[in-house]
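A.B. asks: This is the structure I want to talk about, given as structure tokens.
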Amino acid sequence: MYFNALALLFASAALAQPKPRQNEPADIQVSFALAGQNPTFGAVENECTFFPYGNEPISDILITPLTLQDPTCVFYTGYSCEGQEWTLKQGPHHFSRPFLVGSFVCKGSE
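The opening residue of the sequence shown carries number 0 in numbering that gives the first Met the number 0; numbering runs sequentially from there.
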């Protein structure tokens, strides 16, 4: 019984995670540099975007506006836009100490 309840809990948590938004219409484009890869994601304003490379340290992030003016993105350690957070404005960002990203959410200027 305990095992079934635990399995159900993990399954429902996995379904609740935001999905990666590669190759979909977007308001903002966010590109990452990590161990030999450069994944790019489209982000829709105010929607949490799951980052499937959460165990890979990030060394660079590029935030490019598509339809929004002066976007700001918040990057989280957790997969559902929770946990420790860092806020970055549009443009290129290089980090001397790579960090982990689990998810992010972006918005335009108000």
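We treat Cβ as the ideally placed atom computed from N, Cα and C, and that holds for glycine.
CA-CA distance, residue 97 and residue 31?
C.D. replies: Cα-Cα distance, rounded: 11 Å.
A.B. asks: Secondary structure at residue 83, three-state DSSP: helix, strand or coil?
C.D. replies: Here residue 83 sits in coil by DSSP.
A.B. asks: Quick one: Cα of residue 72 to Cα of residue 83, how far?
C.D. replies: When rounded, the distance between both Cα atoms is 14 Å.
A.B. asks: Straight-line CA distance for residue 64 to residue 27?
C.D. replies: So the alpha carbons of these two residues sit roughly 5 Å apart.
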